[in-house]
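Notes follow once the structure below has been shown.
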Amino acid sequence: MNHDDIDLTGYKVMVVDDTPANMDILRGILKDQGYRIFAAPSGELALEIAPKTLPDIILLDIMMPGIDGLETCRRLKKMPKTSHIPIIFVTAKTEMQDQLDGFAAGGVDYIHKPIHREEVLVRVHTHLEIVALFKAQDASFRAQEKLSEELTKKNKAIIDTQQQLVQSEKMASLGTLTSGVAHEINNPNNFVHVSAQNLQVDLTRLNKFLIALAGDNADEAVLDSFDRQFAPLHKHIEMITEGSTRIRDIVQDLRVFTQLDAGKLKDINVCDCIHSTVNLVRTNYLKVVEFVIDLPPELVLQCYPAQLNQVFMNLIVNACDAIRQRQSHQASTQPEVARGTVTIACKALGNSIEITIKDDGYGMTEQTKNKLFEPFYTTKDVGEGSGLGLSISYGIVQKHQGQLTVESKLGKGSVFTLTLPSI
Ligand SMILES: Nc1ncnc2c1ncn2[C@@H]1O[C@H](COP(=O)(O)OP(=O)(O)OP(=O)(O)O)[C@@H](O)[C@H]1O
Ligand SMILES: [Mg+2]
């Protein structure tokens, strides 16, 4: 910046002098330059006025009754509001020691009496230019700070959008998978189910037919052998029916889990969602985890069901994984490791619903607790966890204006508490 370009018009100059003649001369010289002048006829008044008017520079007479210039200067330098203001002493003193005293008190320069117009202008102008440069630097620093704040905000918005994209991609692929599963498995499974039931009926009929064929006088041993031959066949058909019923239930759970209209707000019974999610997860952890479910029959909530199911799924799978982790640690020192327990409870609390998912798994270190909701943070082996489950869940809970909090003790387990507004 070229200093000649600096416009100092309107800069505030305070003149402190007890002699009216001097005050008038200084005022006259400075006013012509377009500065705003504040006059204080004593040190006491200067100390009162300066913090209120915040001048850009102060011209301070040294010899004054009451608080003299040097003491006034010291006090101004001690006050936080005025400590930065440059002070030029106006004095008849020319001794070097006097000048040094002035610098020691906090002054930046001297104007000598008798007052010369040119000297006043050059010194005031020079120091005001420095003030102006500081101001410009400060403004650019603040602008930079603002810019960096905005950048941080934009960065966060990009990460949020990325998370949402990952989430919607996950949901989309899960939706496709589900409808595929529903179609591809449900139909053939229905054939199996219906055929097994028909087979059961046919077998009973065949049994009766053979008994009739054997006649009324049939040998007891022959009839017994019929029963022995037919019993395992009936057993096999029962197993086929049970298996296909389980397949049908899994497909049904998958359907509830994804709900094809994922983007719409819907009134749903949260407890149904939790049950179906637990049923989906349970089979993967049969030997590892026991579930204790404490839910009322119905708690209706307006929400995005598919997304909320994803939160339940992430939290329940994490709880089961933590139990498995605890067990594999214990397995190295103990011959038998007990199954873990995941306890899921849900209750209405005023205008909200509180769902807790508690596990007696491995728990978390302080570092994990701090980074838990960060995208891509995982303690699982490569390929076992992407570290997105909780960050996505957190986003979904926020979208529902809810809260997701955690308490955890290393070696003891964790409790996740999900609070969702119910109206
Ligand atoms: N119930 C829990 N007990 C102990 N640690 C947990 C629990 N839930 C989450 N964590 C820790 O938080 C980390 C992040 O969890 P998050 O669900 O975000 O990712 P992830 O489970 O590792 O991978 P994925 O993307 O497959 O869910 C986990 O790796 C684990 O260290
Ligand atoms: Mg997870």
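Residue numbers for the sequence shown, in my numbering: 786 to 1208.
Note that beta-carbon positions come from the ideal geometry of N, C-alpha and C, so glycine has one too.
According to the DSSP assignment, residue 1079 belongs to the beta strand (DSSP E) that extends over 1074 to 1079. Look at the beta carbons and you see the region 1072 to 1087 touching the region 1126 to 1134: at least three pairs across the two are nearer than 8 Å.
In this structure, residue 1162 and residue 1111 do not form a Cβ contact; the two beta carbons are roughly 20 Å apart against a cut-off of 8 Å. Sequence-distant partners of residue 1204 (beyond 5 residues in either direction) whose C-beta falls short of 6 Å from its own C-beta, in its chain, are 1137, 1139, 1187 and 1188. DSSP links residue 1088 through a beta bridge to 1051. With 16 or more other CB atoms across the displayed protein chains lying within 10 angstroms of its CB, residue 912 is buried. Just so you know, the alpha carbons of residue 884 and residue 874 end up roughly 9 Å apart. Distances from the CB of residue 1174 to the heavy atoms of ligand 2 include at least one below 7 Å. Annotation for residue 895: the continuous beta strand (DSSP E) segment containing it runs 894 to 897. Residues 803 of the same chain have their beta carbon placed closer than 6 Å to that of residue 826, with the five preceding and five following residues left out of the count.
Under the three-pair Cβ rule at 8 Å, the region 959 to 972 does not count as touching the region 1191 to 1201. Of the other Cβ atoms in all chains shown, 16 or more fall within 10 Å of the Cβ of residue 1104; this residue is therefore buried. Not a single heavy atom of ligand 2 lies less than 7 Å from the C-beta of residue 1066.
If you ignore the 5 residues before and after residue 1022, its C-beta comes within less than 6 Å of the C-beta of 981, 984 and 985, all in its own chain and listed in chain order. Spanning the alpha carbons of residue 839 and residue 857 requires a straight line of approximately 15 Å. Taken from the Cβ of residue 1144, at least one heavy atom of ligand 1 lies inside 7 Å. Residue 1113 counts as exposed, since fewer than 16 other C-beta atoms from the protein chains shown sit within 10 angstroms of its C-beta. DSSP places residue 1121 outside both helix and strand once states are collapsed to three, so it counts as coil. 8 Å or more divides the Cβ of residue 844 from the Cβ of residue 890.
Counting C-beta atoms within 10 angstroms of its own C-beta, residue 1178 has 16 or more neighbours from the protein chains shown and is therefore classed as buried.
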